[in-house]
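If you're matching positions, the sequence shown starts at -15 in the numbering used here and goes up one per residue.
Beneath this line is the structure, given in structure tokens, with notes to follow.
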Amino acid sequence: MKKIIIIMYLAICVLSFGAGNRPVARLLGTSNGKIINQENEDKVYPLASVTKMMTLLLTFEAIETGDISMDDMVNIPEEVRKIGGSRIWMTKGDRLSVRDLIKAAAVYSANNAAYSLAYYVGKGDIDSFVKSMNKKANILGMENTHYYTPAGLPPEMTGKQMDVSTVNDVYKLSRELLKYDDYLKIASMKEATIRNGEQTFKNRNKLLGIYGIYGLKTGHHSLAGYNISIVSKKNNLSMIEVVLGAPDEKTRDKIVLKDLEGFYNNYSYKKLLSKGDKIGMVQIKNGIKPNVKFYSSRDYFGVIKKDAEVKREIKIQKNITAPVKAKTVVGEYRILIDGKVYLKKELTIDEPIEKKSFFDRIFN
């Protein structure tokens, strides 16, 4: 009876998530959160090994807080050593450093390495670690994501449901991972070596170096299709692209390269406002200070189309009369790109302005 239930469950998974039964989802956005284009952005897809991005994020958080270090040696449990799919060679009673396990999980997408990290960071409790993965997803606002494993293997190998997410959620996760330089250095390696040079493997991300791509993670199994999250830097522009559910690796990579080519050809990183630029001035009737000038407190940049029309607008309240309290909003400054508001700032008088005395109003 149990076997029948499992077979029925797997059949449902195939029908629901078969890679040929759905459109591809994609999202291209800047590293600071501006989405350039997207398609099927909130449609749920199996993640496959893109799941490991969250496992690696929690690992680097544990390193950052001092709970573990890159040089810690991890005793590999027998049940973890035997995890199937993409894997690195491990012997019975093996010990590897956290650094080597990160390389194996991030570069080669080794499932036994990802499980080893989950085991170590989770203090021997992988299920507890998976709960932490979901808790972190919730913190990041990944509303359509659920993890069941630390590696993304399909149900027939785990007996659990598939780890699922959306391109929108993976984009949020990718932005969070950009905070960890050590991860980016490892994810960008075309080839990595572990065990003091005894074992070498190539990165499964074949796009590294094209259009400045230097990460982040690939993923694939038959139910998930071909997935990827990449980060690219060119012409001072850092971009993230997420693709889920592609029918094959060639299609997936072609989508990424086509989107990046179109973006870099048509967009640029422009300074919209410089620190110290005069924005405007407001008159204060009967004030000791007759007017207040407004200047930009910092530089403002934007990722915009090269042929975009940039306009500035300022709206100031009329008939402002002293006394004026500190922090009084007297207007609004806006930058418009092709007629749409790109930047909006309130104009606020920081210090109080007293009313002129009776004699000042007469003689001045």
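Just so it is clear, CB atoms sit at the ideal spot from N, CA and C, and this is done for glycine as well.
Because the structure is a prediction, the values reported are computed rather than measured.
- Distance from the CA atom of VAL154 to the CA atom of GLU160, rounded to whole angstroms, is 10 Å.
- The C-alpha of SER280 is placed about 20 Å away from the C-alpha of LYS273.
- Annotation for LEU80: the continuous beta strand (DSSP E) segment containing it runs 79 to 81.
- Per DSSP, reduced to three states, the secondary structure at SER222 is strand.
- Look at THR75 here: in three-state DSSP terms it is coil, with no helix or strand label.
- Shown here for THR202: same chain residues with a beta carbon closer than 6 Å to its own, the five before and five after excluded, namely ARG188, ASN189 and ILE212 in chain order.
- For the pair PHE44 and TYR164, the Cα-to-Cα distance works out to about 7 Å.
- Close CB contacts of ASN250 within its chain, under the 7 Å cut and outside five residues either way in sequence, are with LYS289 and LYS290 (chain order).
- Under the three-pair Cβ rule at 8 Å, the stretch 254 to 261 does not count as touching the stretch 50 to 57.
- Closest in C-alpha terms to LEU42, from the list ALA98, LYS27, PRO30 and ARG65, comes ALA98.
- Contact between LEU40 and ALA89 holds, with the beta-carbon distance rounding to 6 Å and staying under 8 Å.
- According to the DSSP assignment, TYR248 belongs to the alpha helix (DSSP H) that extends over 233 to 250.
- For the stretch 76 to 120, the continuous beta strand (DSSP E) assignments of 3+ residues that do not extend past its boundaries occur at 79 to 81, in sequence order.
- Residue state for GLY181 is assigned as helix, using DSSP reduced to three classes.
- As a beta-bridge residue in DSSP terms, ASN275 pairs with GLN267.
- With 16 or more other CB atoms across the displayed protein chains lying within 10 angstroms of its CB, MET74 is buried.
- The C-alpha of MET146 lies about 6 Å from the C-alpha of PRO138.
- Contact annotation, LEU80 with MET126: C-beta distance approximately 29 Å; criterion of less than 8 Å not satisfied.
- Unbroken alpha helix (DSSP H) stretches of 4 residues or longer found wholly inside the stretch 315 to 340: none.
- Look at ILE304 here: in three-state DSSP terms it is coil, with no helix or strand label.
- Taking one beta carbon from each stretch, the stretch 222 to 229 and the stretch 173 to 193 have fewer than 3 pairs nearer than 8 Å; the two do not touch.
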